[in-house]
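K.L.:
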Amino acid sequence: QVHLVESGGGLVQPGGSLRLSCAASGSIYSINVMGWYRQGPGKERELVANMASGGTTNYGDSVKGRFTISRDNAKNTVYLQMNSLKPEDTAVYYCNLWFRSSTYWGQGTQVTVSS
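Numbering-wise (my numbering), the sequence shown opens with residue 716 and increments by one.
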């Protein structure tokens, strides 16, 4: 059984910053990919960023240069530093873990960017 617990969402003004965290627990294969997806109102779920256990990263085009993903493999934890937030970043952010052809999701954390 694998569990993902997210934290760090909230309300922030445009131009502000937030940091999301996601801790994974359970039987986790050491070679994996952890990351973040988001789903805004009336939109499909999209990739925000992910990071392989070896260090390779991928970012969605809309967040490049503003968001930074990092991870602590020893703690099975992934972080998302979000800077220069825009109203269009408003969404539920979901933590994602993939290994050995299995995908796991967190419960989601709301990020609202509004003045």
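Even glycine gets a Cβ: it sits at the ideal position worked out from N, Cα and C.
Can you say whether Y744 is buried or exposed, counting buried as having 16 or more other CB atoms within 10 angstroms of its CB?
P.N.:
Answer is exposed; the Cβ neighbour count stays below 16.
K.L.:
Tell me whether the segment 719-730 and the segment 806-814 touch, counting them as touching only if at least three CB pairs, one residue from each stretch, are closer than 8 Å.
P.N.:
Yes, they touch.
K.L.:
Might you give, ordered along the chain, the residues of its own chain that have their beta carbon closer than 6 Å to the beta carbon of V739, omitting 5 neighbours on each side?
P.N.:
Inspection of the sequence shows that residue 739 is occupied by Ala rather than by Val. So the qualifying residues of the chain are L719, N791 and L812.
K.L.:
With C-beta atoms as the reference, is S830 less than 9 Å away from P756?
P.N.:
Not closer than 9 Å, so no.
K.L.:
Between the alpha carbons of V793 and V748, how many angstroms are there, rounded?
P.N.:
Those two C-alpha atoms are separated by around 10 Å.
K.L.:
Can you name the residues that DSSP bridges to E721?
P.N.:
Its beta-bridge partners are C737.
K.L.:
Since Y794 sits in a beta bridge, which residues does DSSP pair it with?
P.N.:
In DSSP, Y794 forms a bridge with S736 and S785.
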